[in-house]
Amino acid sequence: MSSGDETRKLQHQKMSSDLDTLQLPISGHREKLINAVKKYPILIVTGETGSGKTTQLPQYLHQAGFAKHGIIGVTQPRRVAAITVAQRVSEEMNCQLGRGVGYQVRFDDCTSEDTVIKYMTDGCLMREILADSKLSRYSVVILDEAHERSLNTDILFGLLKQFFHRKCHGKRKATLKVVVMSATLEEKKLSEFFDSCPVYVIPGRTYPVSTVFCNLIGPEDKESSAYVKDVVKVVIDLHTNEPAGDILVFLTGQIEIEKACDLLYQKAEAIDYNYDMQDRSLEGLLILPLYGSMPTEQQRKIFQPAPPGLRKCVVATNIAATSLTVNGIRYVVDSGFVKQLSYNSRVSMHILEVVPISKSEALQRAGRAGRTSSGKCFCIYSKEFWKKCMPEFTVPEIRRTSLTSVILTLKCLEIHDVIRFPYVDKPEERFILEALKQLYQCDAIDRRGQVTTLGKLMIEFPLPPSLTRALIKAASFGHESILLPLAAMLSVENVFIRPGHPDKQQAAILKHQELATKVGSSNDFATLLHIFEECKASVSPSSWCRDYFIHWRALKSAFSVETQLQDILTRLKNNKDFPVEQFSGSRSELLRRCLCSGYFMNVARRSAGKVFCTMDGHGSVVHIHPSSTLFEQEFQLDWIIFHEVIVTSKVYVRIVCPIRYEWVKDLLPKLHEIDVYDLSNVARHEMAEEEVVKLEIPERKDSADSQEGAWGKLQKRNDDRSIMDARERYLQRRGIRKKGSETANQEP
DNA sequence: GAGCACTGC
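Below you can see the structure in the form of structure tokens.
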């Protein structure tokens, strides 16, 4: 059951009596469930939405005496879910939240010595395991929402499986109980993973949802960009022909959603007008966009019921599939696409792209229509598209993401054989090797794969290794105050607001430029630091944000992150192993030199025109993103470092600053010392004796090296089509490139 | 001359 479901249930049940709790589908299974947990060390419990497993099972186990020799811990993939469920259960158990029933999420620990049932995020349990690998406080660990396959839950699966397989845990093995709770579909795979452990099925209570294939998208339209129009058409048809009931539309991003809402708004008015002329009554459409970067108060609007005579139509991203639940939805319109981040380990690049959803995800989306009554799901795609283009299951996060932090965590838990670690879905070996390489490069592990003193310091920070390395460098100089706010700013959502209206858009751009100018318009990192400091120092930080088109919500969380990082650092600085160095130079140089020590794998040098070439051994061609303050200043630049790469119409680097070659000269050879494939021995916990290869700085190309040529070379050099393919698909989607055209190597 | 889905420590 997802967090939203819990919220819904919360609202729903508050009005009803305890009788309703007794009538939950799970209540008839109380004794059998208790006996199953007693009998088996690991048990899988599946149940559809509304079965009550999240709120009731921990209480049953508590009543059966499982909390006598330890606490009952329940993990959730999201913060809100952990908090709202804990609230609900504390009410049901008639105790004060934080006493008998508590929760722990980042920045908010609401537990006490009396806590016997503890809800928490899976990330929190991971942190706890780092301090106590035997989880000695717990009698039962329940991993909820297992079907979502979040990165942390997947790692917890492997750790718990290993826990029961290892000989060293002795008595502890007999006392710890593990329950994995999941929606149906994935339970077979999970059961096999846990040595064919039993699966307990609780029937759900949902209503039937019929599916209509509208056949507007077929297998040949995998890269179609026209589906916003199709979605709008389906919504209008539905609105005119189907009886009352609210609509939920799934699209992929902010821009699409705004476009769809505009079209709907025009057309809905047209319908009203036409029907008025014919003197027929038709309820209007209340159109509500919904996406993550929207202000929270605006998001709340979707929870209000539509005024009488109006039909609510929520046009949302995937946020409506897991994080937020809209009540009373009777119709779902599914575009069949989702925006997904994937990682290309060969060139160390993240690609954010629109891809067809999986069949299981499509069923989840459709299910949103059957919560309060029977419903209908209109898929804009055809049955053929379903069969040919949609995979059975979504690729789990662990196979789509950079694994540096995960691998360092495993190493810190003394799991050195990171390749043969029991993964439910094993990541490709090169993902693991790339992670090891990066950890070696930032001195978190040594050549034998052992965690270094620095690595042990780094694991304490909830940051990517590169950023942690920069932070520790600054702290070793005694100047952490320059890196702490920056690390915080880089950990939160994008702080710059991009308004929808063209007028406001221009005003926002000017205000953002003003902020960049104050630090000399030459360093995006310094701009972020400046924003943090200015905002914090202002009389009213929230109105400061409004004036400068900055997300106040993002800044608020940056302030919390900075405090947390400061606390961790203060604790670690007492450690005798904490490095101490001297630095004399300007603030600007200090900042950039610290960044270099963490981001030297993200160094690029201008090769020709506005084209840069990365120095990480891949030699990828990159451009400065237009959102950077250094955009169109390329000719004045030579060496740069960047925070991240994004592949859209070109391979762009975002958040950039110029550096001097001398600052990275001694660091760059490290990038070429170890070949990824030599690391497989290290991964398997054997010694590796690689030959050290000296770095060769590529000669700067003359201006004759056109962009066209550079693209061609990138393609050959990397021998990797996926980045180019992603770019092609992007261009096709935006209608810049026609399907099947042979112009991949040409730059406009 | 773009345009970032979502979540977590």
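Counting from 1, one number per residue, gives the positions in the first sequence under UniProt numbering.
Every residue gets a Cβ at the ideal spot worked out from N, C-alpha and C, and that includes glycine.
Which listed residue (the options) has its alpha carbon closest to that of residue i
i	options	result
H147	K387, Q505, L433, L190	L190
V140	Y40, F642, L130	Y40
E480	R593, T401, K53, T404	R593
F583	K473, K376, D114	K473
A608	H618, L403, Q636, L595	Q636
D567	A475, V603, V653, Q506	A475
G370	S627, P579, S597, D246	D246
Q266	F250, L286, I255	L286
D577	V519, L486, R546, L454	L454
F213	T614, K383, S335	K383
F163	G585, F421, R346, L471	F421
N494	G500, M294, R78, K388	M294
C389	S210, R430, F337	F337
R368	R606, V326, T184	V326
L457	C412, I550, A435, H416	C412
T394	E220, C261, S150, V645	S150
R447	G158, E673, T570	E673
K259	V228, A244, L248, L238	V228
I659	Y599, V651, V621, K610	Y599
S627	S560, Y661, V561, F525	F525
K233	G218, C261, T211, P243	C261
Y381	T115, E428, L403, S358	S358
Bridge partner(s) assigned by DSSP for residue i
i	result
R311	L285
residue 755	Since the first and last residues shown for the chain are 1 and 748, residue 755 lies out of range.
H350	Y343
I26	Paired residue(s): none; I26 is not in a bridge.
P120	First, the residue type needs correcting, since residue 120 is Met and not Pro in the sequence shown. Answer by DSSP bridge pairing, in chain order: T75, Q104.
Q381	In the sequence as displayed, the identity of residue 381 is Tyr instead of Gln. Looking at the DSSP assignment, Y381 forms a beta bridge with I217.
I47	In the sequence under discussion, the amino acid at residue 47 is Gly, which differs from the Ile named in the question. DSSP output for G47 lists I202 as bridge partner(s).
A604	T614, I640
S182	T46
Y138	I71
P356	F337
S191	S191 is not bridged to any residue.
G375	V209
C110	Y103
Y331	I247, K376
K39	Paired residue(s): none; K39 is not in a bridge.
A316	F250, L290
L97	V101
First through last residue of the beta strand (DSSP E) which encompasses residue i
i	result
Y652	651 to 659
L57	Unbroken run through L57 is the alpha helix (DSSP H), 53 to 63; no beta strand (DSSP E).
F250	246 to 250
Enclosing alpha helix (DSSP H) for residue i [first to last residue]
i	result
M615	Taken as a continuous stretch (DSSP letters only), M615 belongs to no alpha helix (DSSP H), as it is neither H nor E.
F559	552 to 573
Y423	Taken as a continuous stretch (DSSP letters only), Y423 belongs to no alpha helix (DSSP H), as it is neither H nor E.
A475	465 to 476
F532	524 to 537
D237	227 to 241
T453	453 to 458
A146	Note, A146: premise wrong, no alpha helix (DSSP H); not H, not E.
M489	484 to 491
K411	404 to 412
6 Å CB neighbourhood of residue i in its chain, flanking five on each side removed
i	result
M253	Contrary to the premise, residue 253 reads as Gly rather than Met in this sequence. Counting only Cβ-Cβ distances below 6 Å, and skipping sequence neighbours, we find K339.
G123	N152
D276	Low per-residue confidence applies at D276: pLDDT is 47, beneath 50, and the placement is therefore not dependable, though the value from the model is reported in the following sentence. Nothing meets the Cβ criterion.
S51	P25, I26, I202, G204
N523	C657
P541	C535
Spatial neighbours of residue i in its chain, beta-carbon cut-off 8 Å, leaving aside the 5 residues before and after
i	result
M601	S348, Q438, Q441, C442, S466, D616, L671
F477	E581, Q582, F583, L590, C594
I155	M126, I398, V406, T409, L410
Residue i: CB within 7 Å of a non-hydrogen atom of the ligand MN
i	result
E428	With respect to small molecules bound, the structure shown includes none, and the ligand MN cannot be examined in it.
Other residues of its chain near residue i: CB distance less than 7 Å, five sequence neighbours each side excluded
i	result
S706	With a pLDDT of 34 at S706, under the threshold of 50, the predicted position of this residue should be treated as unreliable, though the coordinate-derived value follows. No residues qualify anywhere along the chain.
E460	I568, L572
I407	V418, I432, A435, L436, L439
Distance between beta carbons of residue j and residue i, contact taken as under 8 Å
i	j	result
S374	Y548	Actually they are not in contact, since the Cβ atoms of S374 and Y548 sit about 49 Å apart, beyond 8 Å.
V85	Q76	7 Å
L57	V179	7 Å
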